[in-house]
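Participant: Residue numbers (the working numbering), protein chains in the order written: chain A, 12 to 362; chain B, 12 to 362; chain C, 14 to 376; chain D, 14 to 376.
This is the structure I want to talk about, given as structure tokens.
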Amino acid sequence: MANMAQAVRMALHYAEENLGVTDIFGEDVGMPLGGVFTCTQGLETAWNAPLDERGIIGMAMGIAMGGGRPVAEIQFCDYIYNTIDLLKLAGNTHWSTNGDWAVPMVVRTPVGSGIRGSLYHSHSFDATMTHIPGWKVVMPSTPLDAYGLLMSACKETNPVMFLIPKALMRIKGEELIPGEPGDDKALSRLIDAPLGDRSAWKAQWPALEDAAIPLGVAKTVRAGSQVTVVSYGRTLPMCAAAAEKLAGEGVDAEVIDLRTLWPYDWEAIKASVEKTGRVLFVNEDTEVTNFGEHLVRRVVEELFFKLLAPPKLLAGKFLPGIGLADPLEAASVPQPADIERAIAQLAATQP
Amino acid sequence: MANMAQAVRMALHYAEENLGVTDIFGEDVGMPLGGVFTCTQGLETAWNAPLDERGIIGMAMGIAMGGGRPVAEIQFCDYIYNTIDLLKLAGNTHWSTNGDWAVPMVVRTPVGSGIRGSLYHSHSFDATMTHIPGWKVVMPSTPLDAYGLLMSACKETNPVMFLIPKALMRIKGEELIPGEPGDDKALSRLIDAPLGDRSAWKAQWPALEDAAIPLGVAKTVRAGSQVTVVSYGRTLPMCAAAAEKLAGEGVDAEVIDLRTLWPYDWEAIKASVEKTGRVLFVNEDTEVTNFGEHLVRRVVEELFFKLLAPPKLLAGKFLPGIGLADPLEAASVPQPADIERAIAQLAATQP
Amino acid sequence: MAREAKKLNGPGKAGRKPAPVSSFKPLVKQSDGLALDAPLLRQLHDTMVKARVLEERLIAMYKTGHGYFWIGGPGEEAFNVPLGLLIKKGEGPAFDYCHFHYRQLATFLAMGEDSIGALRQMKNTATDPYSGGRNFAGHFSKKAWNIVPVSSPIEVQYTMAPGTALVQKRHGGDGISIVTGGDAGTAEGDFASCLVWSSRPGEELPVLILVTNNQWGISTPYGQVQGAERISDRGVAFGIRSKTIDGNDPISAYLELKEAFEYVRTERKPYLVEARVSRLYGHSSASGANYVTTEEDCITRFEAKLEKAGVLKAGEAKALRERYVEAFAEQARQVKEEPMPDGDSVWNHVFDGEPGRDPFPRS
Amino acid sequence: MAREAKKLNGPGKAGRKPAPVSSFKPLVKQSDGLALDAPLLRQLHDTMVKARVLEERLIAMYKTGHGYFWIGGPGEEAFNVPLGLLIKKGEGPAFDYCHFHYRQLATFLAMGEDSIGALRQMKNTATDPYSGGRNFAGHFSKKAWNIVPVSSPIEVQYTMAPGTALVQKRHGGDGISIVTGGDAGTAEGDFASCLVWSSRPGEELPVLILVTNNQWGISTPYGQVQGAERISDRGVAFGIRSKTIDGNDPISAYLELKEAFEYVRTERKPYLVEARVSRLYGHSSASGANYVTTEEDCITRFEAKLEKAGVLKAGEAKALRERYVEAFAEQARQVKEEPMPDGDSVWNHVFDGEPGRDPFPRS
Ligand SMILES: Cc1ncc(C[n+]2csc(CCOP(=O)(O)OP(=O)(O)O)c2C)c(N)n1
Ligand SMILES: Cc1ncc(C[n+]2csc(CCOP(=O)(O)OP(=O)(O)O)c2C)c(N)n1
Ligand SMILES: [Mg+2]
Ligand SMILES: [Mg+2]
């Protein structure tokens with residue numbers, strides 16, 4: 012089964028062939044590298060940008076306004092923070108012109124910890140991004156979701172921020188992307204660039220299909236009755252695993268993969284919390300002014316009298332960075348044991 | 012009584028004379044203008060920067076690391092968003108070097124709506140800033156607080172973000188700044204630059220005193236028993252006025268001016284909420300991933316079983332901008348009537 | 014140390030006085046004679062006056078409480094009008110894209126825009142064609158003519174112009190991207206980004222990079238904070254054809270711009286023009302918006318030249334001005350009766366293709 | 014349109030081949046003879062070898078699982094070692110401030126730093142003197158020597174160097190601020206900001222602005238994405254003295270840098286040097302960190318020259334190298350036994366002057 016990098020690559024190939032995508036660009040996005048995570052190997056419209064994130068976002072806005080369809084990459088979200096003004100501008104252009112100009116652009120960027128990335132290859136970007144109106148914000152946790160959500164992002168006429176949990180980039184999916192050969196080796200031979208000289212290499216694309224997943228629709232990855240766990244990205248599989256484990260201990264948790272952070276699937280959260288009365292939000296961004304706090308607030312404002320326990324947030328510690336040494340990273344972002352403990356505690360809280 | 016612009020100016024004068032401040036700079040901060048809000052008129056160490064916000068923040072970091080004490084201005088917080096990476100860096104430098112380098116710098120910037128500033132002179136910055144670890148974040152609502160908090164900011168050896176509600180810039184205080192003459196006209200003659208040619212003008216500073224207000228300490232501006240209202244900046248006086256008005260209608264609200272957003276005075280909030288069981292947070296930043304949502308989360312996590320009603324947040328609508336026409340601005344950020352209604356509703360909510 | 018800071022940076026220090034534009038060489042064409050034919054000269058003059066009178070009307074609206082903020086381009090007409098006349102207007106990559114800043118009203122008028130739009134935006138009425146009462150004066154947007162929205166943050170437009178130009182280069186034809194901004198703003202990194210992205214080897218882009226140097230950033234003199242004697246010199250290192258011109262002379266500006274337009278249209282490569290211009294009503298309403306007498310007025314200068322050459326007859330200019338004054342006064346009266354936008358309309362156009370709605374229930 | 018995109022931007026297109034450094038004039042001094050005396054030549058050589066061997070040890074640690082990430086400067090020793098020898102080291106504005114990027118190990122060693130610090134940071138031990146196990150290899154910090162912390166974001170150091178230089182200019186004396194970075198990073202606006210802020214008229218600052226041009230940004234050739242033939246040309250518009258030099262020749266580099274240092278120290282004005290260097294182990298461990306044979310090795314070249322001139326005897330270089338190999342192997346063994354930082358220590362140093370603590374209670 013494809014991993015997330017391959018899934019992104021296939022979605023982008025589909026998009027440049029069928030959805031009008033004209034420019035897939037960013038630092039080292041073109042060949043010979045095809046992206047530091049290989050997400051753009053062999054793509055027809057991929058090209059290397061100058062090392063200038065502001066230029067990259069500005070270029071994408073210009074291409075979009077010129078009638079092209081850009082998919083820009085910021086190599087690591089850690090390096091996107093000098094472009095927030097431009098992101099805000101892309102997000103307010105349709106509104107400020109009273110509907111005159113749309114800005115159909117996609118920005119992809121790897122996020123999160125888990126690859127021993129130290130301070131500047133471990134940032135999360137969901138808190139900052141969900142505070143910027145006018146964008147849709149997506150964060151898949153499986154290759155198939157990445158494929159389907161990226162397809163929807165490329166069809167959007169609004170700016171879309173596509174956050175890719177870098178620690179999941181190499182994890183193979185459990186579901187087949189429509190069109191991919193069942194055999195991983197076969198897929199790799201078709202679409203992974205070879206080591207060494209790549210000048211003559213061309214990708215051989217499988218016959219891919221549209222498998223767009225609508226933005227704004229969450230996925231219940233595990234049904235349960237006692238506690239609702241809402242997460243996305245890297246922490247989602249950790250939550251799912253924790254729920255599985257706790258099921259053996261008599262705790263029945265429902266796990267929801269939000270997938271789209273804005274607009275998010277409130278109906279899914281609401282229905283679940285109305286059922287369980289207990290909710291835990293999990294993400295790895297730092298915890299002050301964190302998107303999970305918005306979700307807590309929403310739950311409190313709308314479902315207060317249905318709650319059996321205080322809603323909880325488990326997020327990254329409020330620290331200036333994630334340290335390189337293992338014990339530092341482990342102490343900074345939610346670990347499997349933290350999640351298990353939080354779910355178990357919540358399940359045990361009585362009103 | 013001094014207005015906030017004058018209070019800031021006097022604090023800066025005190026700081027350059029007594030606290031080692033070496034550089035007060037930013038766009039149009041030097042003479043002849045002395046700042047677009049007149050905050051830096053007549054200051055000895057004030058100078059005009061090139062129009063380059065990244066350069067301004069980088070310069071401040073460099074001056075701080077070189078042993079100077081900079082107070083940099085970003086002309087409007089609306090233009091700070093291309094420097095977030097540098098702000099993050101200033102905030103993580105002491106941590107990433109394991110305590111080797113401190114970065115004692117102050118950044119001042121006007122925030123908020125209320126001057127018919129349209130999209131780019133109405134931004135709030137508290138949500139974005141409170142998500143950046145390693146900074147202290149201050150936002151006064153009165154001239155005397157501005158004076159005292161800025162003094163503390165200039166004594167800090169950590170980076171401090173000083174947010175000034177621009178709509179309050181010209182409102183006179185109700186308390187005397189130690190040293191200022193009681194008569195407003197007299198004060199203006201001493202420290203306001205004249206219209207016309209200013210080349211020969213020099214400020215005549217009153218004998219100012221240290222009136223530092225420690226960072227992290229809130230102020231209860233109205234005691235009350237039924238509802239806690241926590242706010243800061245421009246919405247604080249609106250909350251205080253609403254509470255006064257509602258007092259006549261039998262609603263007894265306690266109003267807390269947070270003053271420092273990080274580290275914030277949790278003990279003050281907690282004590283009040285334990286007393287009232289009801290809390291409303293008010294600010295004018297847009298409401299998704301908003302600092303008020305952090306405060307709601309904290310209240311829910313720690314005080315859930317003491318609450319008589321769901322904690323509430325009243326904040327700016329989640330819109331890409333604030334429109335110029337009056338009805339647009341009024342529909343976008345909390346208005347006095349909204350605050351009154353929210354307090355009254357909360358007071359009436361029964362468990 | 015405070016004392017020494019003063020020595021280095023103290024108030025009032027104005028830095029190097031910028032050299033007068035006439036000392037800049039090579040200025041290929043200096044228009045001492047009238048190198049253009051009379052109809053064009055009259056058109057230039059007419060539009061310059063029209064733009065000036067419209068700006069003055071906007072200022073008057075501000076001063077009489079019919080608008081909250083004014084910013085515009087009086088003093089830059091000799092450059093901005095020729096610019097507008099040379100633009101190939103229309104929608105899509107076959108036409109020119111305009112990445113303007115907030116002083117481009119004269120250019121917009123020269124392109125044929127109706128004056129009433131500016132009045133409506135000034136009054137932030139619901140009828141404002143550029144933002145529906147949302148944005149400041151001078152913040153235009155017109156997709157039908159490729160007028161990319163003017164936004165307040167200085168210099169960001171320079172990062173976007175290469176984007177539209179890339180689409181145009183691919184598209185073929187002679188459409189180009191034009192970007193304008195002020196002198197002070199060139200201190201932002203975005204100006205450098207524009208130079209970098211426009212001149213990638215083999216991927217050079219058809220961007221006409223313009224800087225109107227009025228020697229001011231609000232209250233700060235250019236020569237106090239920037240060391241580049243000619244801003245145009247910054248293009249040289251990138252192999253970008255670059256020039257500083259007299260933006261107060263519409264004839265010279267027309268000829269210089271024409272050459273630059275032709276180069277960019279046909280060579281499909283960038284060209285950088287710095288135009289020295291005046292700022293005749295200060296920075297904006299925030300600085301009073303009063304006529305300054307210390308800077309050259311390009312209209313006065315042009316009218317003297319036209320009258321001397323007999324292109325304009327005595328009294329013609331005055332009559333023209335009066336006609337525009339009356340016409341815009343009438344439009345302003347009309348606009349004052351037009352409705353403000355509704356509060357509820359804030360939700361419109363947050364997303365393209367979706368109905369406007371508050372994402373949250375309100376109790 | 015996708016097809017045309019390919020034509021314009023397709024994979025493999027490498028843009029203009031950069032002209033060889035030898036074609037750049039004026040290179041005041043080409044060191045065909047050995048313009049330095051023997052002890053200095055030997056010191057240069059010794060430190061270059063020391064730095065190279067230390068980098069190779071760091072790479073070996075990475076490859077054997079004793080570190081997660083390597084980045085460094087093998088290939089740049091001919092430039093980085095002379096640089097370190099010329100720095101006036103100490104704390105405070107009377108001394109030089111160093112705003113380095115992540116390839117400056119050789120410079121740090123040339124300044125006299127103990128090699129074991131780099132090994133400790135590589136292994137992210139609690140004893141890492143630069144970050145206590147928090148930051149990547151090559152991310153140095155040493156307040157006692159004005160080594161401003163190296164941070165990962167490319168080019169931000171260029172915005173800070175004018176800040177320390179301002180303090181130094183006021184302070185008096187001959188301390189200067191030195192900033193280093195790569196070629197690709199000059200596309201960021203921050204490089205331009207450095208030029209602007211260093212050259213304000215009358216407020217010029219003592220900043221030695223250095224760019225090590227290895228022709229690569231990770232996998233992207235400089236000539237594919239940037240149009241400035243010489244990066245040093247970008248200083249010219251600002252009146253900044255600027256030069257491109259051969260960074261693979263330590264003699265030339267020493268002499269060129271010495272001149273630049275002297276100018277900045279005495280004139281208190283900026284100087285921009287672009288040094289052409291090699292990248293001998295690829296970008297970082299992320300790209301494999303294997304020795305490349307396609308680029309010139311400055312040590313090989315220098316050793317040949319020194320041996321030919323009799324400054325080094327046959328076998329001396331090899332013996333030197335072996336001594337360092339052994340010494341660093343020993344230090345690496347020691348470092349491997351040192352403890353990792355504690356998880357709880359994450360709270361330390363969030364704020365200066367305050368005890369480290371979690372701001373929230375944990376249940
Ligand atoms: C990024 C940013 N910073 C600051 C401002 C505030 N501001 C508005 S206009 C201006 C001066 C601009 O000067 P210049 O670029 O020379 O253009 P001019 O107004 O003189 O035409 C400033 C500082 C802004 N709008 N955007
Ligand atoms: C702002 C930012 N963008 C992207 C990166 C990722 N990155 C690390 S090194 C590098 C290439 C740098 O090239 P250059 O400036 O030439 O320096 P070199 O590594 O060649 O010495 C990139 C893109 C980064 N660290 N910072
Ligand atoms: Mg200007
Ligand atoms: Mg390089």
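Don't be surprised by glycine CBs; every beta carbon is placed ideally from N, CA and C.
Output yes if chain A places a C-beta closer than 7 Å to the C-beta of Thr225 of chain D; else output no.
Facilitator: It does not: the Cβ of Thr225 of chain D has no partner Cβ on chain A nearer than 7 Å.
Participant: With respect to the alpha helix (DSSP H) encompassing Tyr267 of chain C, which residues constitute its N-terminal and C-terminal limits?
Facilitator: Element bounds for Tyr267 of chain C: Pro263 to Glu280.
Participant: In chain order, what residues of the same chain have a beta carbon less than 8 Å from the beta carbon of Ala355 of chain B, not counting five sequence neighbours either side?
Facilitator: So the list reads Leu257, Glu260 and Val262, once near-sequence residues are dropped.
Participant: Taking the alpha carbon of Lys271 of chain D as the reference point, which residue from D:Leu47, D:Ile100, D:Gly88 and D:Gly301 has its own alpha carbon closest?
Facilitator: Nearest option by C-alpha distance: D:Ile100.
Participant: So, with DSSP's three-state summary, where would you put Lys256 of chain C?
Facilitator: In the structure shown, Lys256 of chain C sits in a strand (DSSP, three-state: E or B).
Participant: Given that Ile231 of chain C touches chain B, what residues does it touch there, using C-beta distances under 8 Å?
Facilitator: Residues of chain B passing the Cβ test: Glu38, Asp39, Leu44 and Val47.
Participant: Am I right that Asp203 of chain C and Arg200 of chain A are in contact with their C-beta atoms under 8 Å? What's the rounded C-beta distance?
Facilitator: The Cβ separation is near 44 Å, so there is no contact.
Participant: Any beta carbon of chain A sitting closer than 7 Å to that of Arg147 of chain D?
Facilitator: Judged by the 7 Å Cβ criterion, Arg147 of chain D is in contact with chain A.
Participant: List, from N- to C-terminal side, the alpha helix (DSSP H) runs of 4 residues or more that fit wholly inside the segment 287–350 of chain A.
Facilitator: 302–314 and 337–343, all fully within the segment 287–350 of chain A.
Participant: Would you say Asn361 of chain C reaches chain B, if we count a Cβ-Cβ gap shorter than 7 Å as a contact?
Facilitator: No, Asn361 of chain C does not count as interfacial toward chain B.
Participant: Rounded to a whole number of angstroms, what is the C-alpha to C-alpha distance between Leu130 of chain A and Phe108 of chain C?
Facilitator: Using only the alpha carbons, I get a separation of about 46 Å.
Participant: Comparing the C-beta of Met72 of chain B with each C-beta of chain D, is any distance below 7 Å?
Facilitator: So, interface residue.
Participant: For the segment 264–280 of chain A against the segment 273–281 of chain B, do three or more pairs of beta-carbon atoms, one drawn from each stretch, fall closer than 8 Å, so that the two count as touching?
Facilitator: No: fewer than three Cβ pairs fall under 8 Å.
Participant: Is it true that the segment 208–226 of chain D meets the segment 123–133 of chain D, where meeting means three or more beta-carbon pairs spaced less than 8 Å apart?
Facilitator: Too few Cβ pairs lie closer than 8 Å, so no.
Participant: Quick one, which residues of the segment 105–128 of chain D are near chain B if we go by CB-CB under 9 Å, in chain order?
Facilitator: Under the 9 Å Cβ criterion, the segment 105–128 of chain D contributes Gly105, Pro106, Tyr110 and His112.
Participant: Starting from the beta carbon of Glu201 of chain C, find every residue of chain F whose beta carbon is closer than 9 Å, and list them in chain order.
Facilitator: Absence of chain F from the displayed structure is noted, the protein chains being A, B, C and D.
Participant: Which bits of chain B does Lys156 of chain D rub up against, with CB to CB less than 7 Å?
Facilitator: Within 7 Å Cβ-Cβ: Asp111 and Trp112.
Participant: Counting Cβ pairs, one atom from each stretch, are 3 or more of them under 8 Å apart for the segment 243–254 of chain C and the segment 132–149 of chain C?
Facilitator: Short answer: they don't touch.
Participant: List the DSSP bridge partners of His152 of chain C.
Facilitator: None, per the DSSP bridge assignment.
Participant: Suppose contacts are defined by Cβ-Cβ distances below 7 Å. Is Asp34 of chain B in contact with Val47 of chain B by that definition?
Facilitator: Result no, Cβ atoms of Asp34 of chain B and Val47 of chain B do not sit closer than 7 Å.
Participant: Give every residue of the same chain whose Cβ lies closer than 6 Å to the Cβ of Trp216 of chain A, excluding the five residues on either side of it in the sequence, and list them in chain order.
Facilitator: Answer for Trp216 of chain A: His24, listed in chain order.
Participant: May I ask whether a heavy atom of ligand 1 can be found less than 6 Å away from the beta carbon of Tyr90 of chain B?
Facilitator: True, at least one ligand heavy atom lies under 6 Å from that Cβ.
Participant: Look at Ile143 of chain B and Gly102 of chain B and say whether their C-beta atoms are less than 7 Å apart.
Facilitator: Contact flag set, yes.
Participant: Just the Cα atoms here: how many angstroms apart are Leu97 of chain B and Ala51 of chain D?
Facilitator: Rounded to the nearest angstrom, the two C-alpha atoms are 45 Å apart.
Participant: My understanding is that Leu62 of chain A touches Val169 of chain C, with C-beta atoms under 8 Å, so please give their C-beta distance in whole angstroms.
Facilitator: The Cβ separation is near 19 Å, so there is no contact.
Participant: Use the C-beta contact count for Tyr115 of chain D: other C-beta atoms within 10 angstroms, 16 or more gives buried, fewer gives exposed.
Facilitator: Flag for Tyr115 of chain D reads buried.
Participant: From this set, C:Ser164, C:Tyr284, C:Lys282 and C:Asp310, which residue's C-alpha is nearest Tyr294 of chain C's C-alpha?
Facilitator: Comparing Cα-Cα distances from Tyr294 of chain C to each of C:Ser164, C:Tyr284, C:Lys282 and C:Asp310, the minimum goes to C:Asp310.
Participant: Whole angstroms is fine: what's the gap from Gln346 of chain A's alpha carbon to Asn294 of chain A's?
Facilitator: Cα to Cα, Gln346 of chain A sits roughly 11 Å from Asn294 of chain A.
Participant: Please confirm whether any heavy atom of ligand 4 lies closer than 6 Å to the CB of Asn227 of chain D.
Facilitator: Yes; taking the cut-off as 6 Å, the Cβ of Asn227 of chain D has a heavy atom of ligand 4 nearer than that.
Participant: Would you kindly report the start and end of the unbroken alpha helix (DSSP H) that includes Phe48 of chain A?
Facilitator: Neither: Phe48 of chain A is in no alpha helix (DSSP H) and is coded neither H nor E.
Participant: State yes or no: is the beta carbon of Glu260 of chain B nearer than 7 Å to at least one beta carbon in chain A?
Facilitator: No, because no Cβ of chain A sits closer than 7 Å to the Cβ of Glu260 of chain B.
Participant: Quick one: using the 10 Å Cβ neighbour count with 16 as the cut-off for buried, is Glu280 of chain C buried or exposed?
Facilitator: It counts as exposed.
Participant: Looking only at C-alpha atoms, which of D:Val180, D:Tyr276 and D:Arg292 sits nearest to Asn226 of chain D?
Facilitator: The option with the nearest alpha carbon to Asn226 of chain D is D:Arg292.
Participant: Cutting at 7 Å between CB atoms, please list the residues of its own chain near Pro39 of chain C, excluding the five before and the five after it.
Facilitator: Its pLDDT being 40, under 50, Pro39 of chain C is placed unreliably in this model, and the coordinates cannot settle the point.
Participant: Out of B:Leu306, B:Pro115, B:Pro151 and B:Leu269, point me to the one whose CA is closest to Lys323 of chain B's CA.
Facilitator: With distances taken between Cα atoms, Lys323 of chain B lies closest to B:Leu306.
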